[in-house]
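Q:
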Amino acid sequence: MGKLKILVTGNAGFIGFHVAKRLLERGDSVVGVDSVNDYYDVTLKRKRLELLQETASASSGAYEFVHGNLADPTVVADCFRKHTFDRVIHLAAQAGVRYSLSNPQAYVESNIVAYTNVLEACRHAGTPHLTYASTSSVYGANTKMPFSEHNGVDHPLQFYAATKRANELMAHSYSHLFRLPTTGLRFFTVYGPWGRPDMALFLFTKNILAGTPIQVFNNGLHSRDFTYVEDIAEGVIRASDDIAQPNPAWTGDAPDPATSNAPFRVFNIGNNSPVLLTEYIEAVELALGKKAERILLPLQPGDVPNTYADVSALEHAVGYRPATPIKTGVANFVSWYRSYYGA
């Protein structure tokens, strides 16, 4: 394929960092844009950025970081004026399910306004392919397992999921109107090294090491399709490399939600192997060599009881499915956590 110039938004974030790092390691040129906001520890974000700079120095790929808010249209316009991108991977977003209950405006700014600015820039630049982050949370009230992209997703259970579903619909309109190829990726509970401090694995590890009780919602009886971040990064890049095409079999008489007669598609990217929260905690205990004291609590507002991804469409399209076992992924996180925090 040759070396590409790729815009990675949100590259100081958890998934964006891993994607940008992998692209640099294979020799691509990366322009990263991130606001480096204080939703969580800014020091952790800056450490990720430092590591990206070190990775670029050790590779044949070029790297440039733009500190800016994508909700500001001039930041996006300046970036696209300066660079011509072979691919855009849009991972910048306001993350977190529960935070959307208390601060929905942050999600409007990051997930709607900023996303619109990126869509417009890609449209006018004639970007060959936009790949963007969606979420398993769009499945909301759906209970048919495993979750399939070919089923409707019109009952989100929190505002975060609603904004991500909006992203998918906005992408389709641009794919239809302007023939902008777009691929949306529904991430299923991503975990691993350099993760967000507000995520369960981070909190479990921190509290168990400190001898502090951990909060276990739904009595630990809900399941998640926990997906290792390196698997996610590989899937993102493979999907980005493979430009979305119209589905010639698509028909408006029986519309497939995952494809279109426009260059549009949506994929699940999950481990295809749901694990009970209690098993996940046991994997943390095993990696730490220490038992947790558990406070059992009910399911939180906005949380879904179970997630389970059908990843056959992604596997068929790009020949890839996540496969890192939970014990391996959790052990890798714990090893990173001990090293990073000297724990």
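For the sequence shown, counting from 1, position 214 maps to 216 in the numbering used here; every step adds exactly one. Just so you know, even glycine gets a beta-carbon here, dropped at the ideal spot from N, CA and C. In this text the structure is predicted, and so the values were computed from the model without any measurement.
1) Do residue 119 and residue 164 come within 8 Å of each other at the CB atom, strictly closer than that value?
2) Given a threshold of 16 other Cβ atoms within 10 Å of its Cβ, counted over all protein chains shown, does residue 199 qualify as buried or as exposed?
3) Where residue 249 and residue 215 are concerned, what is the direct C-alpha to C-alpha distance, given to the nearest angstrom?
4) Pull the bridge partners of residue 5 from the DSSP assignment, please.
5) Am I right that residue 91 and residue 21 are in contact with their C-beta atoms under 8 Å? What's the rounded C-beta distance?
6) What does DSSP give as the partner residue(s) for residue 287 in the beta ladder?
7) Using only alpha-carbon positions, find the residue among 39, 45, 306 and 66 that is nearest to residue 31.
8) Is there a Cβ from chain B that is less than 8 Å from the Cβ of residue 142?
9) What are the start and end residues of the beta strand (DSSP E) that includes residue 114?
10) Leaving out five residues on either side along the sequence, give the residues of the same chain with a beta carbon under 7 Å from the beta carbon of residue 221.
11) With contact counted as at least three CB pairs below 8 Å, one residue from each stretch, are the stretch 203–214 and the stretch 286–302 in contact?
12) May I ask you to verify whether the stretch 180–194 touches the stretch 264–278, counting CB pairs closer than 8 Å and requiring at least 3?
13) Nearer than 7 Å: is that true of the beta carbon of residue 267 relative to any heavy atom of the ligand GDP?
14) Please classify residue 276 as buried or exposed, where buried requires at least 16 other C-beta atoms within 10 Å of its C-beta.
15) Going residue by residue through the stretch 62–136, where are the continuous beta strand (DSSP E) segments of at least 3 residues, counting only ones entirely within it?
16) Note down the Cα distance separating residue 124 from residue 246, rounded to an integer number of angstroms.
17) Could you please give the first and the last residue of the uninterrupted beta strand (DSSP E) stretch that includes residue 185?
18) Roughly how many angstroms lie between the CA atoms of residue 331 and residue 345, to the nearest whole one?
19) Just the Cα atoms here: how many angstroms apart are residue 233 and residue 291?
20) Note down the Cα distance separating residue 162 from residue 102, rounded to an integer number of angstroms.
21) Curious, which full-length beta strand (DSSP E) runs of at least 3 residues does the stretch 234–302 contain?
22) For residue 304, does the three-state DSSP call read helix, strand or coil?
23) For residue 1, which residues from the same chain have a beta carbon less than 6 Å from its beta carbon, with the 5 sequence-adjacent residues on both sides left out?
24) What three-state label does DSSP hand residue 218 in the structure shown?
25) Per DSSP, what kind of secondary structure is residue 28 in: helix, strand or coil?
A: Short version:
1) For the 8 Å CB-CB criterion, residue 164 and residue 119 do not form a contact.
2) In this structure residue 199 is exposed. Its beta-carbon is surrounded by fewer than 16 other beta-carbon atoms within 10 angstroms.
3) Here the C-alpha atom of residue 249 lies approximately 51 Å from the C-alpha atom of residue 215.
4) Bridge partners of residue 5: none, in fact.
5) That belief holds up - the Cβ atoms of residue 91 and residue 21 are roughly 6 Å apart, short of 8 Å.
6) According to DSSP, residue pairing for residue 287 in a beta bridge does not occur.
7) When only C-alpha atoms are compared, the closest one is 66.
8) Within the model displayed, chain B is absent; a lone protein chain is all it includes.
9) Following the DSSP letters along the chain, one finds residue 114 in no beta strand (DSSP E), marked with neither H nor E.
10) Correct list, in chain order: 298.
11) Counting C-beta pairs with one atom in each stretch, the stretch 203–214 and the stretch 286–302 have three or more that are closer than 8 Å, which means they touch.
12) Because the criterion of three Cβ pairs below 8 Å is met, the stretch 180–194 and the stretch 264–278 touch.
13) In the structure on display, the ligand GDP does not appear, and there are no ligands present to speak of.
14) With 16 or more Cβ atoms within 10 Å of its Cβ, residue 276 is classed as buried.
15) Those beta strand (DSSP E) runs which fall completely within the stretch 62–136 and span 3+ residues are 65–69 and 89–92.
16) Near 14 Å, if we compare the C-alpha coordinates of residue 246 and residue 124.
17) 184–189 is the extent of the beta strand (DSSP E) around residue 185.
18) Take the alpha-carbon of residue 331 and the one of residue 345: they are about 18 Å apart.
19) Between the alpha carbons of residue 233 and residue 291 lies a gap of roughly 26 Å.
20) Cα-Cα distance, rounded: 6 Å.
21) Runs of the beta strand (DSSP E) inside the stretch 234–302: 266–271 and 296–299.
22) Shown here, residue 304 sits in coil according to DSSP, grouped into three states, outside any helix or strand.
23) A question about residue 1 goes unanswered here, because the residues of the chain that appear run from 3 up to 345.
24) Three-state DSSP puts residue 218 in a strand.
25) Under the three-state reduction of DSSP output, residue 28 falls in the coil class, being neither helix nor strand.
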